[in-house]
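Q: Structure below; questions to follow.
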Amino acid sequence: MQIGRIAGTVVSTAKEASLEGRKLLVVKILDSDAKESGGYVVAVDAVGAGLGEVVLVASGSSARLTEATRDRPSDAVIMAIVDSWDIDGAVKWRKNT
Amino acid sequence: MQIGRIAGTVVSTAKEASLEGRKLLVVKILDSDAKESGGYVVAVDAVGAGLGEVVLVASGSSARLTEATRDRPSDAVIMAIVDSWDIDGAVKWRKNT
Amino acid sequence: MQIGRIAGTVVSTAKEASLEGRKLLVVKILDSDAKESGGYVVAVDAVGAGLGEVVLVASGSSARLTEATRDRPSDAVIMAIVDSWDIDGAVKWRKNT
Amino acid sequence: MQIGRIAGTVVSTAKEASLEGRKLLVVKILDSDAKESGGYVVAVDAVGAGLGEVVLVASGSSARLTEATRDRPSDAVIMAIVDSWDIDGAVKWRKNT
Amino acid sequence: MQIGRIAGTVVSTAKEASLEGRKLLVVKILDSDAKESGGYVVAVDAVGAGLGEVVLVASGSSARLTEATRDRPSDAVIMAIVDSWDIDGAVKWRKNT
Chain X
1 MQIGRIAGTV VSTAKEASLE GRKLLVVKIL DSDAKESGGY VVAVDAVGAG LGEVVLVASG
61 SSARLTEATR DRPSDAVIMA IVDSWDIDGA VKWRKNT
Chain E
101 MQIGRIAGTV VSTAKEASLE GRKLLVVKIL DSDAKESGGY VVAVDAVGAG LGEVVLVASG
161 SSARLTEATR DRPSDAVIMA IVDSWDIDGA VKWRKNT
Chain S
201 MQIGRIAGTV VSTAKEASLE GRKLLVVKIL DSDAKESGGY VVAVDAVGAG LGEVVLVASG
261 SSARLTEATR DRPSDAVIMA IVDSWDIDGA VKWRKNT
Chain B
301 MQIGRIAGTV VSTAKEASLE GRKLLVVKIL DSDAKESGGY VVAVDAVGAG LGEVVLVASG
361 SSARLTEATR DRPSDAVIMA IVDSWDIDGA VKWRKNT
Chain R
401 MQIGRIAGTV VSTAKEASLE GRKLLVVKIL DSDAKESGGY VVAVDAVGAG LGEVVLVASG
461 SSARLTEATR DRPSDAVIMA IVDSWDIDGA VKWRKNT
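Chains as they are written, first to last, in this note's numbering: chain X, 1 to 97; chain E, 101 to 197; chain S, 201 to 297; chain B, 301 to 397; chain R, 401 to 497.
Here it is as structure tokens:
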């Protein structure tokens with residue numbers, strides 16, 4: 001999975017019928033210092049994530065193994081909201097609660 | 101999914117029989133500022149998209165989960181036309197209507 | 201799919217039995233100006249393409265959805281020969297006929 | 301597979317139900333000199349690997365072919381702990397035992 | 401497929417049970433001039449390839465379509481040993497026999 005921050009939304013009226021009602025979010029990918037890497041992906045939300053939250057994105061066929069995405073033409077899904085994340089003993093992110 | 105702009109077409113007479121009648125479009129990939137990234141992909145159109153439109157492209161096995169692409173040797177599909185798209189509070193694209 | 205030009209061949213005697221008799225071609229990937237990008241892929245030919253031809257290559261599991269590649273350990277297939285290809289109103293390639 | 305070093309953990313309360321109880325580890329990818337490449341991936345642990353260990357990560361649909369990941373929305377799995385690793389006659393890594 | 405040269409081995413005692421007895425080889429990826437590109441992949445050997453040999457590597461789900469890899473968590477397989485390889489009329493590699 002990749003770690004990203006939810007940065008925006010995509011609105012689409014004309015889309016595959018099976019994607020009706022799915023929330024399409026723009027996720028900016030974070031590097032191992034929790035900085036934006038410059039890349040992004042549009043993913044279907046499967047966990048009720050909101051703008052600004054740090055999340056995990058699964059890609060490829062694995063992106064279809066949630067209730068929100070099963071058998072749908074989506075190649076990326078948000079399948080976890082990150083509470084905290086550490087690398088080499090340093091906390092890179094902690095969700096405000 | 102990636103966001104792209106439909107920039108051209110590919111014409112092919114000699115192709116896998118199962119792709120007969122499918123529209124093959126050249127989609128230039130857009131970065132998170134809605135500028136061309138330099139990359140492109142050739143995708144089958146599943147939603148009746150036209151030249152210049154901004155669209156979502158799904159890749160890999162998920163590209164086969166539309167009526168237009170099921171069980172066909174296509175690794176990319178246009179599965180949504182983008183009406184609008186925003187990142188970090190700024191509108192990156194809005195379709196003229 | 202990616203657009204490429206068939207630039208060479210790979211000869212292999214010792215290979216998975218299911219690939220016996222399959223033609224393995226070296227395809228140089230073209231960028232959106234129809235110039236070589238520096239990348240290449242080795243793909244199984246499913247459409248009788250020849251050296252110098254411009255073709256479409258499908259990758260991943262979709263590369264197995266042709267008669268030539270079904271259930272075989274191939275991750276790339278040539279599934280269309282390009283007659284012509286245009287981007288932003290300019291013809292990037294036209295096959296001599 | 302890619303070779304990486306386990307560098308951290310991701311904690312997530314709100315995640316796909318099928319991932320409940322799975323350990324999510326941050327793996328820094330190593331290059332062919334066993335140095336960090338700058339890339340990382342978050343992977344589910346299938347072999348009881350610990351912080352600092354060098355491991356193999358399988359991606360894509362193959363990441364679901366372990367007991368820990370079957371039918372789950374995970375696109376990366378740690379499926380082996382590396383005891384030793386050599387390239388061109390030089391030992392790049394040997395686990396302390 | 402990618403073309404690579406077998407450069408080393410990975411030894412792993414603690415691994416997914418289904419990979420028991422599989423040979424894990426480090427393959428350095430070659431560019432279109434048959435020079436090392438800097439990249440590598442760890443692949444399961446399905447054809448009895450040896451150190452120094454030039455081989456084809458298939459990735460993704462296609463990497464599971466050999467006897468050695470079926471239903472196993474491997475995302476890369478060596479499925480052919482290259483006898484010779486030419487690009488643009490020049491022989492890039494020929495196996496000593």
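Glycine residues also receive a C-beta, built at the ideal position from the N, C-alpha and C atoms.
All values derive from a computational prediction rather than experimental measurement.
1. Which same chain residues, not among the five before or five after Leu151(E), have their C-beta less than 7 Å away from its C-beta?
2. Taking C-beta pairs closer than 8 Å, name the residues in chain E that Ala280(S) reaches, listed in chain order.
3. Output needed for Asp275(S): all residues of its chain with C-beta closer than 8 Å, excluding positions within five of it in sequence on either side, in chain order.
4. Do the segment 309-317 of chain B and the segment 265-285 of chain S meet, that is, are 3 or more Cβ pairs less than 8 Å apart?
5. Below 8 Å on C-beta distance, what does Gly60(X) contact in chain E?
6. Listing by chain order, which chain S residues have their CB less than 7 Å from the CB of Ser432(R)?
7. Assuming the contact rule is C-beta atoms closer than 8 Å, Gly4(X) and Val55(X) should be a hit. Round their C-beta distance to whole Å, please.
8. Whose C-beta lies closer than 7 Å to the C-beta of Val291(S) among residues of the same chain, with five residues either side of it excluded?
9. Based on the DSSP output, what are the partners of Leu351(B) in its beta bridges?
10. So if DSSP puts Ala280(S) in a beta bridge, which residue, or which two residues, is it bridged to?
11. Tell me, which residues are paired with Gly304(B) by DSSP?
12. Met301(B) and Val382(B): beta carbons closer than 8 Å?
13. What did DSSP end up calling Arg364(B) once you bin it into helix, strand or coil?
14. Helix or strand or just coil, what does DSSP make of Gly339(B)?
15. For the segment 267-295 of chain S, which residues have a beta carbon sitting closer than 9 Å to at least one beta carbon of chain R?
16. What is the rounded straight-line gap between the Cα of Ala368(B) and the Cα of Ile487(R)?
17. Are any of the Cβ atoms in chain R nearer than 8 Å to that of Ala207(S)?
18. Is the CB-CB distance between Leu30(X) and Val42(X) below 8 Å?
19. Give a yes or no on whether 8 Å exceeds the smallest Cβ distance from Ala43(X) to chain B.
20. Counting only beta-carbon separations shorter than 8 Å, does Leu65(X) have a partner in chain B?
21. Using a beta-carbon distance below 8 Å, is Leu151(E) in contact with chain X?
22. Confirm, please, whether the CB-CB distance from Lys428(R) to Ser312(B) is below 8 Å.
23. Taking C-beta to C-beta, are Ala126(X) and Trp93(X) nearer than 8 Å?
A: Reading from the atomic positions:
1. Ile106
2. Going along chain E in sequence order, the residues near Ala280(S) (Cβ under 8 Å) are Val110, Ser112, Ala114, Lys115, Glu116, Leu119, Leu124.
3. Ser259, Gly260, Ala263.
4. no
5. Within chain E, the residues placing a beta-carbon under 8 Å from that of Gly60(X) are Gly160, Ser161, Ser162, ordered along the chain.
6. Lys228, Tyr240
7. 6 Å
8. Ser284
9. According to the DSSP secondary-structure assignment, Leu351(B) is paired through a beta bridge with no residue.
10. Beta-bridge pairing links Ala280(S) to Lys115(E), Leu256(S).
11. Ile329(B), Val355(B)
12. no
13. helix
14. strand
15. Thr269, Asp271, Arg272, Pro273, Ser274, Asp275, Ala276
16. Straight-line Cα distance between these residues: approximately 44 Å.
17. yes
18. no
19. no
20. yes
21. no
22. No, the Cβ-Cβ distance between Ser312(B) and Lys428(R) is not below 8 Å.
23. Since the first residue of chain X shown is 1 and the last is 97, residue 126(X) is not available in this structure.
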